[in-house]
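First to last, the sequence lines map onto chains F and H.
Heads up: the first sequence is residues 1 to 871, going by my numbering.
Heads up: the second sequence is residues 872 to 991, going by my numbering.
Below is one structure, written out as structure tokens, with a few remarks after it.
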Amino acid sequence: MRLHSLLLYLYPSSFRHEYGEELSHIFSERRQQSGNGFSVIWLWISEIIDVIKNASPAHWDILRQDLRYGLRTLARARGFTITAIVITGLGIGANTAAFSVIDHVLLRPFPFPDADRMVQLWQGSPGYPQVELSPPNFYDWQRLSTSFEAMAAYTGAAANFLGESEPQRLDGTAVTPEFFNILGVQPFLGRVFNADDVREKAAKAVIVSYAFWQSTLGGIPDVLTKGIRLDSDSYTVIGVMPPDFSFPSRGKQIWIPLVLGDPPKDSRDNLYLQAMAKLKPGVSLEQARAELAVIAGRLAQQYPKENEKVRAVVEPLRDQVPNQTRLLLWALFGASFCVLLIACTNLAGLLLAKAISRRKELTVRAAVGAGRERLVRQLLTESLVLALLGGALGVLFAVIGLPLLLGLVPARLPISDVTVLDRRVFVFAALVTAITALAFGVAPALRMCKGVTYEGLQEGSRSGIGGRREWFRSMLVVTEIAASIVLLVSAGLLIRALWRVQSIDPGFRTDSVLSLQTYLPMPRYASNATRAGFYNDVLTNVRALPGIMNAGYISSLPMLPGGGIWPVTVPGMQGGGTSDAALTVAIRVVSPGYLDTLGIALRSGRDIRESDTLSSPYVAIVSESFVRRYWPNQDPIGRTFHFAFENFPFAEQDRTVVGVVNDVRFRGLERPSEPQVYLAYNQLPDRTATFYAPRELVIRSSTDPASIIPVIRRIIQKADAEMPITAVRPLREVVDLQTAPRSTQIRLVACFALLSLLLAGIGIHGLLSFAVGQRSQEFGLRIALGAKSRDVLGMVFRDGIFLSGIGVTLGLFLSFYSGRSIQALLAGVGPFDPGTVAVVCLVALAMTLSGSLLPGIRAMRTNPVTVIRGE
Amino acid sequence: MTFSQSDIDALLPLPPATFHILMALADEHRHGYAIIQDIAMRTNSELRMSAGTLYRSIQRMQEQDLIVETHRRPHPDEDDERRRYYQITPFGIAVARAEARRLAQLVKLARARGIVPERA
Numbered sequence: 001m002r003l004h005s006l007l008l009y010l011y012p013s014s015f016r017h018e019y020g021e022e023l024s025h026i027f028s029e030r031r032q033q034s035g036n037g038f039s040v041i042w043l044w045i046s047e048i049i050d051v052i053k054n055a056s057p058a059h060w061d062i063l064r065q066d067l068r069y070g071l072r073t074l075a076r077a078r079g080f081t082i083t084a085i086v087i088t089g090l091g092i093g094a095n096t097a098a099f100s101v102i103d104h105v106l107l108r109p110f111p112f113p114d115a116d117r118m119v120q121l122w123q124g125s126p127g128y129p130q131v132e133l134s135p136p137n138f139y140d141w142q143r144l145s146t147s148f149e150a151m152a153a154y155t156g157a158a159a160n161f162l163g164e165s166e167p168q169r170l171d172g173t174a175v176t177p178e179f180f181n182i183l184g185v186q187p188f189l190g191r192v193f194n195a196d197d198v199r200e201k202a203a204k205a206v207i208v209s210y211a212f213w214q215s216t217l218g219g220i221p222d223v224l225t226k227g228i229r230l231d232s233d234s235y236t237v238i239g240v241m242p243p244d245f246s247f248p249s250r251g252k253q254i255w256i257p258l259v260l261g262d263p264p265k266d267s268r269d270n271l272y273l274q275a276m277a278k279l280k281p282g283v284s285l286e287q288a289r290a291e292l293a294v295i296a297g298r299l300a301q302q303y304p305k306e307n308e309k310v311r312a313v314v315e316p317l318r319d320q321v322p323n324q325t326r327l328l329l330w331a332l333f334g335a336s337f338c339v340l341l342i343a344c345t346n347l348a349g350l351l352l353a354k355a356i357s358r359r360k361e362l363t364v365r366a367a368v369g370a371g372r373e374r375l376v377r378q379l380l381t382e383s384l385v386l387a388l389l390g391g392a393l394g395v396l397f398a399v400i401g402l403p404l405l406l407g408l409v410p411a412r413l414p415i416s417d418v419t420v421l422d423r424r425v426f427v428f429a430a431l432v433t434a435i436t437a438l439a440f441g442v443a444p445a446l447r448m449c450k451g452v453t454y455e456g457l458q459e460g461s462r463s464g465i466g467g468r469r470e471w472f473r474s475m476l477v478v479t480e481i482a483a484s485i486v487l488l489v490s491a492g493l494l495i496r497a498l499w500r501v502q503s504i505d506p507g508f509r510t511d512s513v514l515s516l517q518t519y520l521p522m523p524r525y526a527s528n529a530t531r532a533g534f535y536n537d538v539l540t541n542v543r544a545l546p547g548i549m550n551a552g553y554i555s556s557l558p559m560l561p562g563g564g565i566w567p568v569t570v571p572g573m574q575g576g577g578t579s580d581a582a583l584t585v586a587i588r589v590v591s592p593g594y595l596d597t598l599g600i601a602l603r604s605g606r607d608i609r610e611s612d613t614l615s616s617p618y619v620a621i622v623s624e625s626f627v628r629r630y631w632p633n634q635d636p637i638g639r640t641f642h643f644a645f646e647n648f649p650f651a652e653q654d655r656t657v658v659g660v661v662n663d664v665r666f667r668g669l670e671r672p673s674e675p676q677v678y679l680a681y682n683q684l685p686d687r688t689a690t691f692y693a694p695r696e697l698v699i700r701s702s703t704d705p706a707s708i709i710p711v712i713r714r715i716i717q718k719a720d721a722e723m724p725i726t727a728v729r730p731l732r733e734v735v736d737l738q739t740a741p742r743s744t745q746i747r748l749v750a751c752f753a754l755l756s757l758l759l760a761g762i763g764i765h766g767l768l769s770f771a772v773g774q775r776s777q778e779f780g781l782r783i784a785l786g787a788k789s790r791d792v793l794g795m796v797f798r799d800g801i802f803l804s805g806i807g808v809t810l811g812l813f814l815s816f817y818s819g820r821s822i823q824a825l826l827a828g829v830g831p832f833d834p835g836t837v838a839v840v841c842l843v844a845l846a847m848t849l850s851g852s853l854l855p856g857i858r859a860m861r862t863n864p865v866t867v868i869r870g871e
Numbered sequence: 872m873t874f875s876q877s878d879i880d881a882l883l884p885l886p887p888a889t890f891h892i893l894m895a896l897a898d899e900h901r902h903g904y905a906i907i908q909d910i911a912m913r914t915n916s917e918l919r920m921s922a923g924t925l926y927r928s929i930q931r932m933q934e935q936d937l938i939v940e941t942h943r944r945p946h947p948d949e950d951d952e953r954r955r956y957y958q959i960t961p962f963g964i965a966v967a968r969a970e971a972r973r974l975a976q977l978v979k980l981a982r983a984r985g986i987v988p989e990r991a
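So this is what it looks like as structure tokens:
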């Protein structure tokens, strides 16, 4: 029978208490009649089915009653209900939005079949943990390895597209045929590349993105029979990719075959290939790493000059998210979790206060037979209703707030879009909602229903706050303050870090400088003379415009990827080879006037001149760090060096230093840059290194840069009507891009911090208001006995400051640890920054005082006569 | 206790279990197991109500004032003190009557259509 009693636990306890004994009784009678053996088993089976069948409707009946009653109760207290729903919504919304970004960027597998077997391959060498591969190394790795199902190489391949409207610059990727096989994605139309497409004399083929096909090619199916012109060549469109496909990064418009040669002709120093591979089923990452390590070792012996220090790096494709992004996102998630914690704590406080005011109602219900469990269940149902409504509002907040977070999603991830409303995010939101309901509902419900007695009915009884309950609420408020301090300190530290990064001198001026790109289509501009004609046309006409102070061209703007890092050899010094970071420099090809336009100071010597041509000695301008490295304390002007490339005549020429300029942070504000070398644009030879042909036009004007854009466009179109003009933006934006993820994160964390501060303020206010109500007799008596208003106000403030003091101390202690966990984001600011802590303490004091003010005034205005008469 | 026709109509049609319990309590008050046995007997064991169904129905019927728990108990020799006895209320009788009338009306309609044979 004990077993049967246990089975009855499936019923709601009120039902069990009422009818449990009867049910057991009937079961025992039947048990006696049923004899033994099979009939007993049958009796048990039918009893279990009966209990399950009847228990769920019994629960449902109670839930329905509780819901009806709860909704009526909540509707009566509209102010409380709306506050509770909004607070819950903010907490759940912040978490849901943060989760949906984290889920897309860090957690969910990439949208490709067998994505867990996909790996990214890199070359590694001292100072460069992950760099691109050279075509011969890729060729050998692919040829010699057996761990991979397939290995593919790809590299950026933008092209100018001439359609019916303005010329466009298309962002694309050149890929080997294995690329689409590894990704396992079928085209929306047509086919993907095969081995025939990468033969050297093959007809030029292109695969286009769905978006480009729709927007520019008219979305017509017979696109496959038509050709398009890219740069100066005709291409046949052989496929259209599905709408959600984006690899290797978002916004790619075209994919063209990457022809490497068999074997490739490039030098082993020429590092420009990205590579990925798919592990064979059953082969582990470690096995693949071990195999490639052996291959890299063999190549190092075979080609010691270029490959001596080259390692093979194999990383899961999913892990290709920059560490800083990872940390930014987790820090944001932590902040959003803090907000939820504070929201829950605040709600627990509100619910407790509410429950205390409902004590009489609960006592009446207890008196007419509702058990404690029934009352707890009722209160929990109400919390659940609040949490559900809050959850729905939270999802709405998340949808609205998500665009603010998208700045944290790196563009180089192969995910097409971050959407908030999908199954995973919904499950998360539902889970958070359920936990929230329990977190803020259970404790108040249990505390309130403990010892609901007849005394609660007595007229004039103090509606319930005992010392212990006040202590419990105080603890909640202390938790809120501590969590908000953690958030405030974190936000403060991040802001300090941002200021520090923003105050770093990039080495050039950005004010009043406009930048834009004109990609010179090859091979039309392969000859130096043709290029010179175009540059000359554009620069002369632009400089002649009123208000233009100077203009110049450069191969790649500082802080943008794709500049060029070359090894150098200086007479009398050892070294060379791409594998040694200590001996490489960043190179840029520039026109005269570029340095002046960006305010890069010439320390000695002269600028590049128009007269520095292929027929004159090869010149270079170097940065101060270059001089410090190679000729410390010597005059570098007139000295020579050359680039340590083999079989690359342009690079091997001796360069004479004609000028020295200040250093520029080519790699971004937070990363050190290699020493810099500027080469003359008229000394870039025909048909060689055309990738380095200057394409970025920078213009300094004394007028608003935006106002001159139309004129500049006309000048460029007059010089070449087929030249696309892209990335038109103030140079300031290029620098701001460096701190954009930080700024976004700070905006969000600061938002969360302010929200938590507000909630903590509400918490203090609520607690003190309640306490003042409870102590009105005491205040009345004190005032009657001659206490001054100031004293009464002081008493309330003291209570507030006492709570706040504990919360702030605890919060500062915790914030030291949270600061340490985000230290990598702090750009050198310590995790316990005295300035930040001082400001946060002042803010906390202001919050405490404002939260205590109204209760204090109420206490001050206590009328002793009324209170004493009431007693 | 007063009740109106609309109170009665609000409960119709009755779930079969409810109607059978009312029938079982129509002539005398009974405990739960006796109700189950009475129903089985009257229906030639075609309806064997489970204990769970019985007590969920009893709970609802008490809330609807169709039956009440009674403290009149049988002679101590026949009594088991753990048992609880239920009796039908005047409102329960009225509702049972209304349901019986409703059912009779339905049977009459079916007869008029020749779906069931005329009474012999």
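Heads up, the beta-carbon is just placed ideally off N, CA and C, and yes, glycines get one too.
From what residue to what residue does the beta strand (DSSP E) around residue i run?
i	result
N160/F	159-161
D603/F	Reading the sequence as shown, one finds Arg at residue 603/F and not Asp. Element bounds for R603/F: 602-605.
Quick one: which chain B residues come within Cβ less than 7 Å of residue i?
i	result
A387/F	The structure shown contains no chain B; the protein chains it does contain are F and H.
Express the C-alpha separation of residue j and residue i in angstroms, rounding to a whole number.
i	j	result
Q777/F	E47/F	60 Å
V51/F	P947/H	32 Å
I207/F	Y272/F	22 Å
K305/F	S125/F	13 Å
V867/F	E361/F	25 Å
V105/F	A370/F	50 Å
S461/F	S357/F	Bear in mind that a pLDDT of 43 at S461/F, under 50, signals an unreliable position, so the number given afterwards is only what the model happens to contain. The alpha-carbon atoms of S461/F and S357/F are separated by roughly 12 Å.
W213/F	G219/F	5 Å
I256/F	Y525/F	20 Å
T518/F	G251/F	19 Å
P940/H	L925/H	It should be noted that the sequence gives Glu, not Pro, for residue 940/H. Whole-angstrom Cα-Cα distance: 14 Å.
S827/H	D936/H	Because chain H spans 872 through 991 in this model, residue 827/H falls outside it and cannot be assessed.
A152/F	F180/F	9 Å
I554/F	D596/F	12 Å
T479/F	L498/F	29 Å
V40/F	R30/F	9 Å
In the DSSP assignment, find the alpha helix (DSSP H) that holds residue i and state where it starts and stops.
i	result
P855/F	834-860
S515/F	S515/F -> not in any alpha helix (DSSP H); beta strand (DSSP E) instead, spanning 513-517.
F752/F	731-774
R72/F	38-76
Y139/F	135-144
Worksheet item: Name the residues in the stretch 939-952 of chain H whose C-beta lies less than 7 Å from a C-beta of chain F; which are they?
Response: none
Worksheet item: Between the stretch 900-930 of chain H and chain F, which residues of the former have CB atoms less than 9 Å from a CB of the latter, in chain order?
Response: H902, G903, Y904, I907, S921, A922, G923, T924, L925, Y926, R927, I929, Q930
Worksheet item: Should the stretch 91-99 of chain F be regarded as contacting the stretch 391-410 of chain F, the criterion being three or more beta carbon pairs within less than 8 Å?
Response: yes
Discussion item. Please list, in chain order, the residues of the stretch 961-972 of chain H that have any C-beta partner in chain F closer than 7 Å.
Written reply: Here the close residues number zero.
Discussion item. To test your reading of the DSSP string, which unbroken alpha helix (DSSP H) runs of 4 or more residues are found completely within the stretch 906-987 of chain H?
Written reply: 922-934, 961-983
Worksheet item: Just checking, does the stretch 263-283 of chain F make contact with the stretch 190-198 of chain F on the three C-beta pairs under 8 Å criterion?
Response: no
Worksheet item: Quick one: complete alpha helix (DSSP H) runs, 4+ long, within the stretch 310-360 of chain F?
Response: Taken in chain order, the unbroken stretches of alpha helix (DSSP H) that lie wholly in the stretch 310-360 of chain F and span 4 residues or more are 323-357.
Discussion item. Quick check: the stretch 718-737 of chain F against the stretch 506-517 of chain F, are at least 3 beta-carbon pairs closer than 8 Å?
Written reply: yes
Worksheet item: Are the stretch 833-851 of chain F and the stretch 785-800 of chain F touching, with three or more C-beta to C-beta distances below 8 Å?
Response: The stretch 833-851 of chain F and the stretch 785-800 of chain F touch, with no fewer than 3 CB-CB distances between them shorter than 8 Å.
Discussion item. Under 8 Å: do the stretch 663-671 of chain F and the stretch 603-620 of chain F share three or more Cβ pairs, one atom per stretch?
Written reply: Output reads no: the stretch 603-620 of chain F does not touch the stretch 663-671 of chain F.
Fill in: contact_flag[the stretch 420-436 of chain F, the stretch 127-134 of chain F] where n(CB pairs < 8 Å) is 3 or more
no
Practice prompt. Just list the alpha helix (DSSP H) runs in the stretch 164-221 of chain F, keeping only unbroken ones of 4 residues or longer that don't cross its boundaries, in chain order.
Written response: Within the stretch 164-221 of chain F, the complete alpha helix (DSSP H) segments of 4 residues or longer fall at 178-183, 210-215, listed in chain order.
Practice prompt. Can you give me, in chain order, the residues of the stretch 838-857 of chain F that have a beta carbon less than 7 Å from any beta carbon in chain H?
Written response: From the stretch 838-857 of chain F, no residue has a Cβ closer than 7 Å to chain H.
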